[in-house]
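Enquirer: One structure, pasted below without further comment.
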Amino acid sequence: MKNSQLISWDLQLFAEDELAADETTSEDEINEETKEKTFTRSDIAKMIAAEKAKWVKESKTEIEQRIEEEKNEAARLAKLSEEERQQALIQKEKEEFEKEKATFRQEQLLVEKGKRLQEIGIPSILASRIHGNTAEEAIEDVKSFKAEWDKALKVAVDKALLDSVDNPLGSGANKSEVNPFAKDTLNLTEQGRLFKEDPERAKALQALANKK
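Next up, the structure:
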């Protein structure tokens, strides 16, 4: 009997020791895994410093390359004769002059576009919207722009009239005028005449009738 109890206790102690060993191993693995995935402030600072050093090195390399290219260009020019250097200088000045002239021409053309727009009642500030690299091209584009401008303006005015007043014909029109599109005064003949003679007015009256 006593031997059986001793054996039972031994087995229980062995099992507890084995369980404790497993728990210790599991905790060690978790700690090791956590350690691998955790970055301290020091680690982050080191990574930032490494990236900064990399950027500084690349910038330094780029500057050194530029300096080297300038040295090579200076050395090349030094080998030229006085006459060749003068020719190179003249060519450079010519290129700069042509560039300035082109810029001035574009500025003058922009002013001309603004004048053309003002002549037809459009703000000169919209001159930058006009295309064309010559006066002739600009004039043609001004005409196209004028057509689009008038169309957009008319749509805006018609909408404003419909939204603000009951009479789409404006304040100067006869407000007692019969609307041929209205349910109570429906007149197909008058509708046809309006669509033929003044389609925009017909659309406005039709829209007004639909609103009511």
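Here our numbering is used: the first residue of the sequence shown is 1, the next is one more, and so on.
A virtual CB, placed ideally from N, CA and C, is assigned to each residue, including glycine.
Nothing here was measured: the structure is a model prediction, and the numbers come from that model.
(1) Is the separation between the beta-carbon of residue 179 and that of residue 153 shorter than 9 Å?
(2) Per the contact definition of three or more C-beta pairs closer than 8 Å, is the segment 134-145 in contact with the segment 110-118?
(3) What would DSSP say about residue 143, mapped onto helix, strand or coil?
(4) Please classify residue 273 as buried or exposed, where buried requires at least 16 other C-beta atoms within 10 Å of its C-beta.
(5) Go ahead and pull the three-state DSSP assignment for residue 151.
(6) Alpha carbon to alpha carbon, what distance is there between residue 149 and residue 195?
(7) Quick check on residue 182: does DSSP put it in helix, strand or coil?
(8) Of all the options 187, 127 and 58, which has the alpha carbon lying nearest to the alpha carbon of residue 106?
(9) Under a three-way DSSP split, which group does residue 187 fall into?
(10) Should residue 191 and residue 202 be called a contact, given that it needs their Cβ atoms to be closer than 9 Å?
Expert: Taking the geometry as given:
(1) In the sequence shown, counting from the first residue as 1, residue 179 sits at position 179. In the sequence shown, counting from the first residue as 1, residue 153 sits at position 153. 9 Å or more divides the Cβ of residue 179 from the Cβ of residue 153.
(2) By the C-beta criterion, the segment 110-118 is judged to be in contact with the segment 134-145, since at least 3 inter-stretch pairs fall below 8 Å.
(3) One-based indexing of the sequence shown puts residue 143 at position 143. DSSP places residue 143 in helix when its eight states are reduced to three.
(4) The structure shown has nothing for residue 273, since the chain only spans 1 to 212.
(5) Taking the sequence shown and counting its residues from 1, one reaches residue 151 at position 151. Residue 151 sits in a helix when the DSSP states are folded into three classes.
(6) Here the question's residue 195 lines up with position 195 in the sequence shown. Here the question's residue 149 lines up with position 149 in the sequence shown. For residue 195 and residue 149, the distance between alpha carbons rounds to 23 Å.
(7) To locate residue 182, count along the sequence shown from 1; it is residue 182. In the displayed model, residue 182 falls within coil according to three-state DSSP, outside both helix and strand.
(8) Here the question's residue 106 lines up with position 106 in the sequence shown. Residue 106 has its Cα closest to that of 127, out of 187, 127 and 58.
(9) If you number the sequence shown from 1, residue 187 lands on position 187. Looking at residue 187 - three-state DSSP - the assignment turns out to be coil, as it is neither helix nor strand.
(10) Taking the sequence shown and counting its residues from 1, the one referred to as residue 191 is at position 191. Taking the sequence shown and counting its residues from 1, the one referred to as residue 202 is at position 202. Against a cut-off of 9 Å, the Cβ pair of residue 202 and residue 191 comes out as a contact.
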